[in-house]
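Enquirer: Residue 1 is where the sequence shown starts when you use the UniProt record's numbering, and the numbers rise one by one after that.
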Amino acid sequence: MKVKKLMAAALVGSMALSLAACGGTETTPEENTTGESTAESTEAGDGNYNISVILKTTASEYWGYVKAGAEAYGKDHPNVTVSVKGASSETAYDEQLGMIETELSNASNDGFVIAPLQADMVKTKIAGQTKPIAAVDTDIDAPEVFTFVGTGNEAAGKLGGAAAVEAAKAAGWEEIKAIEICGVQGDSTNEARKAGYMAGIEEAGGDFLEEETQYAEATADKAVNCMEAIMQKFPDGIAIICANNDDMAMAAARTGKANPNYANTIYLGFDGIQAACQSILKGELTMSVAQQGYEMGYKSVEAVVQKLDGATDIPDFIDSGADVVTLDNAQERMDTLKGYLA
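1. Which same chain residues, not among the five before or five after residue 276, have their C-beta less than 6 Å away from its C-beta?
2. Going by other Cβ atoms of all chains shown within 10 Å of its Cβ, with 16 needed for buried, is residue 107 buried or exposed?
3. Taking the CB atoms as reference points, tell me whether residue 105 and residue 83 lie closer together than 7 Å.
4. Note down, one range per segment and in chain order, each alpha helix (DSSP H) of at least 4 residues found wholly within the segment 184–245.
5. Report back the beta-carbon spacing between residue 128 and residue 162 to the nearest angstrom; my notes put them in contact at under 8 Å.
6. Buried or exposed for residue 110, please, with buried defined as at least 16 other CB atoms from any protein chain shown within 10 angstroms of its CB.
7. Please report the straight-line C-alpha distance between residue 338 and residue 326, rounded to a whole angstrom.
8. Can you list, in chain order, the residues of its chain with a C-beta nearer than 6 Å to that of residue 87? Leave out the 5 residues immediately preceding and following it.
9. Let me know if residue 272 comes out buried or exposed under the rule of 16 or more other beta-carbons within 10 Å of its beta-carbon.
10. For residue 104, report the span of its beta strand (DSSP E) as first-last.
11. In this structure, does DSSP put residue 291 in helix, strand or coil?
12. Can you check which of these residues, 114, 146, 70, 121, is closest to residue 317 by C-alpha distance?
13. Anyone know if the C-beta pair for residue 135 and residue 181 falls short of 7 Å?
14. Does the beta-carbon distance from residue 151 to residue 116 come in below 7 Å?
15. With DSSP as the reference, label residue 327 as helix, strand or coil.
16. How would you label residue 232, buried or exposed, when you count the other beta carbons within 10 angstroms and need 16 or more for buried?
17. According to DSSP, is residue 180 part of a helix, a strand, or is it coil?
18. Exposed or buried, which one is residue 342 when buried takes at least 16 other CB atoms within 10 Å?
19. Secondary structure at residue 108, three-state DSSP: helix, strand or coil?
20. Taking the alpha carbon of residue 158 as the point to measure from, which residue in 193, 188, 178 has its own alpha carbon closest?
21. Does the Cβ of residue 329 have 16 or more other Cβ atoms within 10 Å, making it buried, or fewer, making it exposed?
22. Would you give the residue range spanned by the alpha helix (DSSP H) that residue 153 belongs to?
23. Pick helix, strand or coil for residue 128, following the three-state DSSP scheme.
Right under this line is the structure:
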């Protein structure tokens with residue numbers, strides 16, 4: 001099955017040969033990035049900068065890649081000091097808001113990168129801030145934020161949804177119905193991925209059962225409960241179970257494994273972490289929409305430094321890109337991720 005790939009311009013040159021070997025069709029991101037690879041990034045100015053990075057959490061593999069990318073920028077640019085913090089979980093809202101308040105009040109910080117758990121609350125917290133702020137992973141609709149670095153979540157979800165329908169057809173499903181196990185209800189990233197899944201699945205000929213959506217607060221434990229509820233309500237099986245992160249998708253796949261009516265179900269995750277690649281190689285998870293978390297972290301810090309250096313041509317949206325990981329390219333993806341953390 002040919003799977004289209006949505007890749008950041010920063011990765012096109014270095015990955016083209018390996019992608020061709022996987023038999024995929026390459027697709028460039030919707031928006032232009034800074035136009036340079038990580039290795040060719042613009043050098044920071046003569047000033048010494050302290051950049052504070054506040055992530056949704058640091059307690060997951062995916063956010064570990066974002067953290068590694070942000071810290072790598074500091075290693076590549078000795079005049080830039082990067083500090084990375086994150087809440088204990090993706091529902092620790094007050095904890096993150098406290099971190100943001102503390103970092104904003106620290107006069108030694110020159111700029112900020114923020115991945116908001118609650119964008120509206122963070123918008124209020126940063127109101128009036130004059131130092132440059134870049135949003136990463138999830139956008140913040142505030143004039144204080146000069147750019148958003150992340151995945152085009154709806155487009156990426158659409159790519160994954162279409163791929164899941166093709167996989168379901170290949171698996172022999174005649175009635176292709178899909179149910180999503182979502183993260184936190186109302187989260188903008190969650191809703192964008194859901195909209196993308198729905199569009200991709202329905203345009204490819206499937207039926208996205210929006211009214212059956214389950215919410216698991218982005219945790220594997222609650223995804224198990226959601227999957228059990230789905231199997232109880234649909235004992236004859238569902239063609240596609242999609243989730244808005246890999247942890248939930250893998251939990252759903254493990255839960256459905258013992259049910260013969262879910263043996264051919266397509267399990268679709270989002271993030272493309274190492275654990276997901278391993279799960280795909282073991283025949284549990286079927287596929288994952290892979291974000292480029294490392295590039296996201298690197299480019300968000302880079303953008304703040306460029307802003308501090310006086311750049312005026314930084315795009316409002318820097319698309320870090322996405323692709324679909326399947327059995328065909330899971331090992332390659334896993335090797336790449338291991339290299340980021342080496």
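Ideal placement from N, C-alpha and C gives every residue a C-beta, glycine not left out.
Expert: Reading off the structure:
1. 246, 269, 285, 288
2. exposed
3. no
4. 188–203, 220–233
5. Rounded, the Cβ-Cβ distance is 43 Å, inconsistent with contact.
6. buried
7. 18 Å
8. 57, 95, 96
9. buried
10. Element bounds for residue 104: not the beta strand (DSSP E) but the alpha helix (DSSP H), 93–104.
11. strand
12. 146
13. no
14. no
15. coil
16. exposed
17. strand
18. exposed
19. coil
20. 193
21. buried
22. 153–170
23. coil
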